[in-house]
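Visitor: Shown below is the structure under consideration.
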Amino acid sequence: MTLQVLRRSLADQRTGLVLLLVLLVVVFGSLIPTFFDDRFVVFPLLRDVATLTVVGLAQLAVLSIGHLNIAVGRMAAFGAMFMGLAYEQWHLPLYAGLVIGVAAGAAIGALTGLIITSSGVNSFVVTLAMDFALLGFVSLVYSELTTSAAFTTKPAGMQELRTFSLADVCVGPVCGTSAIPQLAIFAVLAMLAVGYLYSRARTGREMLMVGSNAVAAELSGIPVDRRIVGAHALSGGLAALAGFMLAVTSGSFTATIGSEFMLPSFLGPVLGGTLLTGGAVSIIGTFLGTSLTQVIRQGLTMLGASVQSLSISLGIILLAALSLDRVRQVISERKAVRR
Amino acid sequence: MLIAQDLVKLFPGVRALDGASLRIEPGSVHALLGENGAGKSTLIKILTGVYRPDGGTLSVGGVEVHLDSPQAASRAGVGVVHQERNLVPEFSIGENIVLQRLPAKGGLLDRAAIRAEAKRCLDLLDLDLDPDRRVRGLPVSQLQLIEVAKALSMDSSVLLLDEPTTASTPSEVERLFEVIRKLRDNGTAVLFVSHKLEEVYELCDTVTVLRDGVSVLESTPLADLAKQDLISAMVGRAHSAVDLPARPAVTAEPVLELSAVSTAAGHRDISLSLRPGEILGLYGLVGAGRSELAKAVLGLSAITAGELRVRGKAVNIKDVRDALRGHRIGYVPEDRKEEGLFLDQPVTKNIAVAVWDRLRTRIGGVSAKSERALAETYVERLGIRLSSTDKLVGELSGGNQQKVSLAKWLAAETEILIIDEPTVGIDVRTKAAFHELIWQLATDGLAVLLITSDLVEMVTLADRIVVMRDFHVCGEVVNDHEYEPTSHRVMGLIHQDAE
Numbered sequence: 001m002t003l004q005v006l007r008r009s010l011a012d013q014r015t016g017l018v019l020l021l022v023l024l025v026v027v028f029g030s031l032i033p034t035f036f037d038d039r040f041v042v043f044p045l046l047r048d049v050a051t052l053t054v055v056g057l058a059q060l061a062v063l064s065i066g067h068l069n070i071a072v073g074r075m076a077a078f079g080a081m082f083m084g085l086a087y088e089q090w091h092l093p094l095y096a097g098l099v100i101g102v103a104a105g106a107a108i109g110a111l112t113g114l115i116i117t118s119s120g121v122n123s124f125v126v127t128l129a130m131d132f133a134l135l136g137f138v139s140l141v142y143s144e145l146t147t148s149a150a151f152t153t154k155p156a157g158m159q160e161l162r163t164f165s166l167a168d169v170c171v172g173p174v175c176g177t178s179a180i181p182q183l184a185i186f187a188v189l190a191m192l193a194v195g196y197l198y199s200r201a202r203t204g205r206e207m208l209m210v211g212s213n214a215v216a217a218e219l220s221g222i223p224v225d226r227r228i229v230g231a232h233a234l235s236g237g238l239a240a241l242a243g244f245m246l247a248v249t250s251g252s253f254t255a256t257i258g259s260e261f262m263l264p265s266f267l268g269p270v271l272g273g274t275l276l277t278g279g280a281v282s283i284i285g286t287f288l289g290t291s292l293t294q295v296i297r298q299g300l301t302m303l304g305a306s307v308q309s310l311s312i313s314l315g316i317i318l319l320a321a322l323s324l325d326r327v328r329q330v331i332s333e334r335k336a337v338r339r
Numbered sequence: 001m002l003i004a005q006d007l008v009k010l011f012p013g014v015r016a017l018d019g020a021s022l023r024i025e026p027g028s029v030h031a032l033l034g035e036n037g038a039g040k041s042t043l044i045k046i047l048t049g050v051y052r053p054d055g056g057t058l059s060v061g062g063v064e065v066h067l068d069s070p071q072a073a074s075r076a077g078v079g080v081v082h083q084e085r086n087l088v089p090e091f092s093i094g095e096n097i098v099l100q101r102l103p104a105k106g107g108l109l110d111r112a113a114i115r116a117e118a119k120r121c122l123d124l125l126d127l128d129l130d131p132d133r134r135v136r137g138l139p140v141s142q143l144q145l146i147e148v149a150k151a152l153s154m155d156s157s158v159l160l161l162d163e164p165t166t167a168s169t170p171s172e173v174e175r176l177f178e179v180i181r182k183l184r185d186n187g188t189a190v191l192f193v194s195h196k197l198e199e200v201y202e203l204c205d206t207v208t209v210l211r212d213g214v215s216v217l218e219s220t221p222l223a224d225l226a227k228q229d230l231i232s233a234m235v236g237r238a239h240s241a242v243d244l245p246a247r248p249a250v251t252a253e254p255v256l257e258l259s260a261v262s263t264a265a266g267h268r269d270i271s272l273s274l275r276p277g278e279i280l281g282l283y284g285l286v287g288a289g290r291s292e293l294a295k296a297v298l299g300l301s302a303i304t305a306g307e308l309r310v311r312g313k314a315v316n317i318k319d320v321r322d323a324l325r326g327h328r329i330g331y332v333p334e335d336r337k338e339e340g341l342f343l344d345q346p347v348t349k350n351i352a353v354a355v356w357d358r359l360r361t362r363i364g365g366v367s368a369k370s371e372r373a374l375a376e377t378y379v380e381r382l383g384i385r386l387s388s389t390d391k392l393v394g395e396l397s398g399g400n401q402q403k404v405s406l407a408k409w410l411a412a413e414t415e416i417l418i419i420d421e422p423t424v425g426i427d428v429r430t431k432a433a434f435h436e437l438i439w440q441l442a443t444d445g446l447a448v449l450l451i452t453s454d455l456v457e458m459v460t461l462a463d464r465i466v467v468m469r470d471f472h473v474c475g476e477v478v479n480d481h482e483y484e485p486t487s488h489r490v491m492g493l494i495h496q497d498a499e
């Protein structure tokens with residue numbers, strides 16, 4: 001029946017993304033001779049894709065329950081701030097600081113979730129308010145504790161994480177490609193963990209059920225409030241991880257980390273087939289959606305597009321993606337009321 | 001004058017109206033009665049242009065009309081005061097009254113005209129209200145009268161009042177009745193829909209009774225009818241879908257007992273007990289507080305007095321999770337689409353959602369294989385028809401959806417199951433299969449608390465019937481599975497204050 005066809009085409013959305021991605025890479029590759037340059041194009045491109053995929057996952061975590069996190073960038077800044085503090089003030093090693101920062105991000109996310117469940121206010125409003133509050137708080141801390149508005153202490157291993165690629169990982173005589181940055185390992189781990197959570201773990205599955213129908217979830221014995229807090233905590237923790245990755249890339253921890261995260265955080269998941277209304281997520285889709293936007297950005301930049309026209313193109317892509325999301329939603333609603 | 005002749009309305013699998021007629025004369029109040037599901041709402045929706053009939057004719061003031069929208073109905077002079085209030089709280093009383101045709105001058109609201117028109121309508125009702133006051137914060141009774149004024153502003157010659165007294169105090173009802181009598185004396189034809197026989201006798205001149213979509217009494221003078229005649233007309237004879245064999249008498253100790261329970265939802269002094277292997281029916285009119293009682297048992301509203309005992313022990317149930325895990329109590333909600341199911345999720349997840357804990361693999365995740373096996377077990381046991389358990393529940397038919405909703409609680413191995421209106425919107429054949437299923441589950445030892453507004457279903461299934469009215473228990477009937485005597489006793493309990 002048409003239903004099956006529709007459903008298959010929904011699943012095919014990711015196939016479509018892959019085809020579009022390949023097509024764009026071929027087009028840009030033939031227009032720009034240096035497009036496949038390992039060190040100066042592909043390596044930084046993949047590093048950005050890795051970071052923004054994690055940002056996308058941070059948004060996906062709350063989209064799964066049908067919420068939004070407008071403060072995703074500021075939570076990244078909040079987590080990164082604790083990492084900077086850990087390195088500069090407490091002289092902790094790289095991974096200890098990472099753990100502290102991610103925990104701080106998760107904590108601020110959990111607090112956001114608690115405010116939402118206890119006040120009953122819409123997540124959009126609460127995270128918007130949280131965004132403002134964190135902006136002020138983070139700026140204040142940086143201006144009080146640093147002279148140059150940045151924590152610049154680099155713990156051992158940070159420089160390597162920034163520049164190393166798989167070419168620096170050798171098994172015997174066989175080394176990896178110099179195009180894939182080592183930083184990408186965090187994105188891969190995050191994708192595996194989040195993928196496991198939503199497909200296999202009870203907690204993640206229950207989050208999806210909350211996103212699908214919160215009333216039915218409550219009446220099925222799912223602790224709805226706890227799942228909401230959990231999803232926001234996950235969002236905050238992943239945002240902080242993305243903050244870490246961006247700080248490693250740029251070389252320092254500043255208050256402006258994450259200020260560019262909001263738009264990409266929606267682009268990746270929504271292009272990839274995650275519903276804004278909750279109940280369905282796609283982790284691979286988030287990666288593909290993020291890759292697509294970054295390839296477009298990189299290609300247009302290399303073709304000489306200005307920053308302004310880039311923003312216009314990306315805005316248009318998001319709008320198109322959101323319209324697609326609406327179309328899908330209409331289709332699934334129609335499916336639901338067909339009988 | 002409004003005349004409806006042989007109205008027919010078909011819904012998929014159901015004849016909601018199958019020859020309904022009534023005749024409302026100017027200067028009289030006409031009562032429309034009928035059990036839940038008899039077709040009253042459908043008839044009202046046709047008279048107000050919400051539904052279009054599939055057969056029959058309608059005329060207002062001697063002219064045949066085709067009401068294909070609510071606007072067309074109000075143009076034809078049919079005004080309505082709905083059960084649910086349709087006022088805009090942030091607008092003034094005046095603006096609400098003339099909302100359907102706000103007077104404007106040069107694109108701007110003409111406030112003086114609004115005030116004058118609103119004043120005219122309020123005066124008709126002898127209501128001393130300031131048209132400029134905002135509606136928010138007014139007491140319920142006044143909202144109702146403003147709705148009447150709103151209906152009058154359209155110069156309605158026919159006024160329909162759909163259960164206008166459900167949420168009112170006696171003095172508010174008296175005020176409303178005065179207004180209705182005044183309208184009647186001015187020549188308006190009034191249709192009064194109510195469940196409360198005493199009100200009908202107090203206010204109305206003639207009555208139409210609907211049963212299964214047919215007018216069994218049509219425009220009959222009320223003076224000729226005794227209360228018993230009305231009840232008989234409403235309940236009629238049984239035509240049960242299935243004839244189930246008698247079940248063995250239940251002697252086990254009760255698993256669920258309520259003694260003198262009052263709740264935050266408004267229940268007073270509720271006592272009942274339920275044994276394993278028994279089907280206890282909870283009957284009452286819409287709004288009697290049955291679903292709310294179920295939710296109080298599940299911990300969704302607080303028990304403020306009395307005692308809830310499960311398997312003999314006094315308990316305090318926190319939430320549905322606690323009810324399920326701690327006490328093995330499940331709840332199949334009335335509104336399966338909104339409360340029971342995850343429509344955009346597959347059948348597997350819908351059935352297994354409450355037991356994911358139990359379906360773990362060695363490394364701790366939910367095993368997709370065990371989940372599928374569990375779902376397939378219950379799909380087979382309940383005879384759910386589908387091509388694959390991966391199908392989304394929203395794509396199933398109503399009957400199959402309801403079975404999935406039930407399967408969730410059977411998979412969770414509940415011992416006490418509260419089933420709320422299990423067969424609403426389900427066709428007759430599936431209904432019969434469902435009755436057999438519930439009967440079998442109880443015979444196998446499940447304790448079932450059955451809430452249904454369908455008297456036939458109640459008499460078919462229940463062992464005992466607890467009758468509720470206005471959030472308290474007004475009596476208990478032992479069901480001898482003879483439809484007529486049992487249904488008369490049940491209806492008698494509900495309407496006992498009418499005499």
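Residue numbers (full-length UniProt numbering), protein chains in the order written: chain A, 1 to 339; chain B, 1 to 499. A virtual CB, placed ideally from N, CA and C, is assigned to each residue, including glycine. On a predicted model such as this, the values are computed, not experimentally measured, just so you know.
Going by C-alpha to C-alpha distance, which of B:Leu285, B:Thr443, B:His66 sits closest to B:Thr251?
Guide: Looking up residue 251 of chain B in the second sequence gives position 251. Among B:Leu285, B:Thr443, B:His66, the Cα nearest to that of B:Thr251 belongs to B:Thr443.
Visitor: The alpha helix (DSSP H) spanning A:Met130 covers which residue range?
Guide: What you label residue 130 of chain A is simply residue 130 of the first sequence in a count that begins at 1. Unbroken alpha helix (DSSP H) run through A:Met130: 123–145.
Visitor: Between B:Ala241 and chain A, is the shortest Cβ-Cβ distance under 7 Å, so that the two count as touching?
Guide: Translated into the one-based positions of the second sequence, residue 241 of chain B becomes position 241. In this predicted model, B:Ala241 has a pLDDT of only 49, less than 50, meaning its place in the structure is not dependable; the value taken from the coordinates is given anyway. Nearest CB-CB separation between B:Ala241 and chain A: not below the 7 Å threshold.
Visitor: Kindly indicate which residue of A:Ala156, A:Leu300, A:Leu234 has the alpha-carbon position closest to the one of A:Gly251.
Guide: Here residue 251 of chain A refers to the residue found at position 251 of the first sequence. Out of A:Ala156, A:Leu300, A:Leu234, A:Ala156 has the C-alpha closest to the C-alpha of A:Gly251.
Visitor: Output the distance between the C-alpha atoms of B:Gly187 and B:Cys204, rounded to the nearest integer angstrom.
Guide: Walking along the second sequence from the start, residue 187 of chain B turns up at place 187. Walking along the second sequence from the start, residue 204 of chain B turns up at place 204. Taking the straight line from one Cα to the other gives about 14 Å.
Visitor: Mind the definition here: the region 457–465 of chain B touches the region 423–442 of chain B only if three or more C-beta pairs lie below 8 Å; say whether that holds.
Guide: Flag = yes, the region 457–465 of chain B and the region 423–442 of chain B touch.
Visitor: Give the range of the beta strand (DSSP E) segment to which B:Ile3 is assigned.
Guide: The sequence position of residue 3 of chain B within the second sequence is 3, counting from 1. Segment 2–11, the beta strand (DSSP E) holding B:Ile3.
Visitor: Can you tell me the Cα-Cα spacing of B:Ile418 and A:Arg14, whole angstroms?
Guide: Here residue 418 of chain B refers to the residue found at position 418 when the second sequence is read from its first residue. Here residue 14 of chain A refers to the residue found at position 14 when the first sequence is read from its first residue. Rounded to whole angstroms, B:Ile418 to A:Arg14 spans 43 Å at the Cα level.
Visitor: Have a look at A:Gly273, A:Gly279, A:Ala255, A:Leu263 and flag the residue whose alpha-carbon is nearest the alpha-carbon of A:Phe82.
Guide: Position 82 of the first sequence, counted from the start, is the residue given in the question as residue 82 of chain A. The residue with the shortest Cα to Cα distance from A:Phe82 is A:Ala255.
Visitor: Could you please tell me which residues of the region 214–230 of chain A, in chain order, have their CB closer than 9 Å to any CB of chain B?
Guide: So the list reads Val215, Ala216, Ala217, Glu218, Leu219, Ser220, Gly221, Ile222, Pro223, given in the order they occur along the chain.
Visitor: Can you give me, in chain order, the residues of the region 410–437 of chain B that have a beta carbon less than 7 Å from any beta carbon in chain A?
Guide: none
Visitor: Looking at the structure shown, is B:Ile384 part of a helix, part of a strand, or coil, going by DSSP?
Guide: Along the second sequence, read from residue 1 onward, the residue named residue 384 of chain B stands at position 384. B:Ile384 falls in the coil class under three-state DSSP.
Visitor: Taking Cβ-Cβ distances below 8 Å as the criterion, which residues of the region 321–342 of chain B are in contact with chain A?
Guide: Arg321, Ala323, Leu324, Arg325, Tyr331, Pro333, Lys337, Glu338, Glu339, Gly340, Leu341, Phe342
Visitor: For B:Leu176, which option in B:Val190, B:Leu145, B:Met154, B:Lys150 has the closest C-alpha, if you only look at C-alpha atoms?
Guide: Within the second sequence, numbered from 1, the residue matching residue 176 of chain B stands at position 176. Considering only alpha carbons, the answer is B:Leu145.
Visitor: Determine the chain B residues that contact A:Met262 at a beta-carbon separation under 9 Å, and present them in chain order.
Guide: Taking the first residue of the first sequence as 1, we reach residue 262 of chain A at position 262. Ordered by position in chain B, no residue passes the 9 Å Cβ test against A:Met262, which lies about 27 Å from the chain.
Visitor: Can you tell me the Cα-Cα spacing of B:Leu298 and A:Met209, whole angstroms?
Guide: Locating residue 298 of chain B in the second sequence gives position 298, where the first residue counts as 1. Locating residue 209 of chain A in the first sequence gives position 209, where the first residue counts as 1. Taking the straight line joining both Cα atoms gives about 20 Å.
Visitor: By DSSP's criteria, B:Leu143 is part of a beta bridge. Which residues make up the other side?
Guide: Walking along the second sequence from the start, residue 143 of chain B turns up at place 143. Its beta-bridge partners do not exist; DSSP assigns none.
Visitor: Going by alpha carbons, who is nearest to B:Asp344 out of A:Ile283, A:Thr301, A:Leu275?
Guide: Here residue 344 of chain B refers to the residue found at position 344 of the second sequence. Nearest C-alpha to B:Asp344: A:Leu275.
Visitor: At a cut of 8 Å, does the region 275–286 of chain A reach the region 84–100 of chain A through at least three beta carbon pairs?
Guide: no
Visitor: Let's test the definition: count the other Cβ atoms within 10 Å of the Cβ of A:Asn213 and tell me whether it reaches 16, buried, or not, exposed.
Guide: Here residue 213 of chain A refers to the residue found at position 213 of the first sequence. Classification for A:Asn213: buried.
Visitor: Identify the contact partners of B:Trp356 in chain A, using a Cβ-Cβ distance below 8 Å as the criterion.
Guide: Residue mapping note: residue 356 of chain B aligns to position 356 of the second sequence, counting from 1. Arg202, Arg205, Glu206, listed in chain order.
Visitor: Give me the Cα-Cα distance between B:Pro170 and B:His195, rounded to the nearest whole angstrom.
Guide: On the second sequence, position 170 is the one that residue 170 of chain B refers to. On the second sequence, position 195 is the one that residue 195 of chain B refers to. So the alpha carbons of these two residues sit roughly 15 Å apart.
Visitor: In terms of residue numbering, what span does the beta strand (DSSP E) encompassing B:Arg120 cover?
Guide: To locate residue 120 of chain B, count along the second sequence from 1; it is residue 120. Note, B:Arg120: premise wrong, no beta strand (DSSP E); alpha helix (DSSP H) at 111–124.
Visitor: From this set, B:Ala373, B:Gln401, B:Arg247, which residue's C-alpha is nearest B:Leu386's C-alpha?
Guide: As a working note, residue 386 of chain B is residue 386 in the second sequence. Nearest option by C-alpha distance: B:Gln401.
Visitor: Sorted by chain position, which residues of the same chain lie with C-beta nearer than 6 Å to B:Ala305's C-beta, five sequence neighbours on each side aside?
Guide: Here residue 305 of chain B corresponds to residue number 305 of the second sequence, with the count starting at 1. Closer than 6 Å at Cβ, skipping near neighbours: Ser262.
Visitor: Fully enclosed by the region 146–195 of chain A, which alpha helix (DSSP H) runs are 4 residues long or longer?
Guide: 158–163
Visitor: So that I know if they touch, is there some Cβ in chain A lying closer than 7 Å to that of B:Val310?
Guide: Counting from one through the second sequence, the residue named residue 310 of chain B turns up at place 310. No, B:Val310 lies away from the interface with chain A (no Cβ there is under 7 Å from its Cβ).
Visitor: Measuring straight from C-alpha to C-alpha, what distance separates A:Leu313 and A:Gly268?
Guide: Stepping through the first sequence from its first residue, residue 313 of chain A is reached at position 313. Stepping through the first sequence from its first residue, residue 268 of chain A is reached at position 268. The sequence shown places Ser at residue 313 of chain A, rather than the Leu named in the question. Using only the alpha carbons, I get a separation of about 15 Å.
Visitor: Which residue comes first and which comes last in the beta strand (DSSP E) that contains B:Ser59?
Guide: Here residue 59 of chain B refers to the residue found at position 59 of the second sequence. First-last of the beta strand (DSSP E) with B:Ser59: 55–60.
Visitor: Assuming residue 506 of chain B contacts B:Lys9 under a Cβ cut-off of 8 Å, what Cβ separation, rounded to an integer in Å, is found between them?
Guide: Given a span of 1 to 499 for chain B in the structure shown, any question on residue 506 of chain B remains unanswerable.
Visitor: B:Val297 CB to nearest chain A CB: under 7 Å?
Guide: The residue given as residue 297 of chain B occupies position 297 in the second sequence. No, B:Val297 does not count as interfacial toward chain A.
Visitor: Buried or exposed, going by whether 16 or more other CB atoms sit within 10 Å of the CB of B:Asn316?
Guide: Counted from its first residue, the second sequence places residue 316 of chain B at position 316. Flag for B:Asn316 reads exposed.
Visitor: For the beta strand (DSSP E) that B:Glu257 lies in, which residues bound it at each end?
Guide: Walking along the second sequence from the start, residue 257 of chain B turns up at place 257. Start and end: 256–263.
Visitor: Using the Cβ count rule (16 or more neighbours within 10 Å means buried), how would you classify B:Val404?
Guide: In the second sequence, residue 404 of chain B corresponds to position 404, counting from 1. Counting Cβ neighbours within 10 Å, B:Val404 comes out buried, since at least 16 surround it.
Visitor: Are there 16 or more other CB atoms within 10 angstroms of the CB of A:Gln308, so buried, or fewer, so exposed?
Guide: Locating residue 308 of chain A in the first sequence gives position 308, where the first residue counts as 1. With fewer than 16 Cβ atoms within 10 Å of its Cβ, A:Gln308 is classed as exposed.
Visitor: Determine, for A:Met209, whether the minimum Cβ-Cβ distance to residues of chain B falls below 7 Å.
Guide: Within the first sequence, numbered from 1, the residue matching residue 209 of chain A stands at position 209. Yes, its Cβ sits closer than 7 Å to a Cβ of chain B.
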